[in-house]
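Visitor:
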Amino acid sequence: DLINGFFHLKGGTIEQQLKRIDSDLVLIDRNTDIEKVIDTATILSSKLINPEEDSKVSFTFKLPEDIPASTDSISYRFKTRLTFNEGVESKDQDIIQVI
């Protein structure tokens with residue numbers, strides 16, 4: 799299955815140039831305390847983000863066919879990193895449910 803969505807970017811106090819967006823699909827197994835990266839999507843960019851600007855970057859992520867569904871003990875999240883030209887990195891996490 800495909801996941802279609804977007805990254806909502808909000809500018810800070812200064813203008814920044816976005817170099818890349820890396821988003822890891824991570825499986826978390828609470829029974830074994832294991833966190834495992836299932837797959838990674840990378841978007842290369844040269845987008846300039848102005849101060850206080852709101853913008854969106856679309857993405858599509860293909861889920862592997864053989865991953866187990868979400869349960870009380872198995873969960874998934876996207877761990878996303880934004881990398882800017884100045885070497886600054888921004889991180890975020892979003893929980894998803896696989897059914």
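To convert, count from 1 in the sequence shown and add 798; that's this note's numbering.
For every residue, glycine included, the Cβ atom is placed at its ideal position computed from N, Cα and C.
What is the C-beta distance between residue 862 and residue 836, in whole angstroms, given that I count them as a contact (C-beta under 8 angstroms)?
Guide: Locating residue 862 in the sequence shown gives position 64, where the first residue counts as 1. Locating residue 836 in the sequence shown gives position 38, where the first residue counts as 1. Right, the Cβ-Cβ distance comes to about 6 angstroms (below 8 angstroms), so this counts as a contact.
Visitor: So, under 8 angstroms CB-CB, residue 890 and residue 878 are touching, yes? Tell me the CB distance rounded to an integer number of Å.
Guide: If you number the sequence shown from 1, residue 890 lands on position 92. If you number the sequence shown from 1, residue 878 lands on position 80. Sure, about 5 angstroms apart at Cβ, within 8 angstroms.
Visitor: If you drop the 5 nearest sequence neighbours on each side, which residues of the same chain put their C-beta closer than 6 angstroms to that of residue 827?
Guide: Within the sequence shown, residue 827 is the residue found at index 29, counting from 1. Same-chain partners within the cutoff: 872.
Visitor: Could you tell me which residues DSSP puts in a beta bridge with residue 828?
Guide: Here residue 828 corresponds to residue number 30 of the sequence shown, with the count starting at 1. According to DSSP, residue 828 bridges with nothing at all.
Visitor: Can you name the start and end residues of the beta strand (DSSP E) that residue 854 belongs to?
Guide: The sequence position of residue 854 within the sequence shown is 56, counting from 1. Taken as a continuous stretch (DSSP letters only), the beta strand (DSSP E) holding residue 854 covers 852-860.
Visitor: Under a Cβ-count criterion, where at least 16 other Cβ atoms within 10 Å of its own Cβ denotes burial, should residue 832 be classed as buried or exposed?
Guide: In the sequence shown, counting from the first residue as 1, residue 832 sits at position 34. Exposed is the call here.
Visitor: Check for me: the beta strand (DSSP E) holding residue 887 runs from which residue to which?
Guide: What you label residue 887 is simply residue 89 of the sequence shown in a count that begins at 1. Start and end: 887-894.
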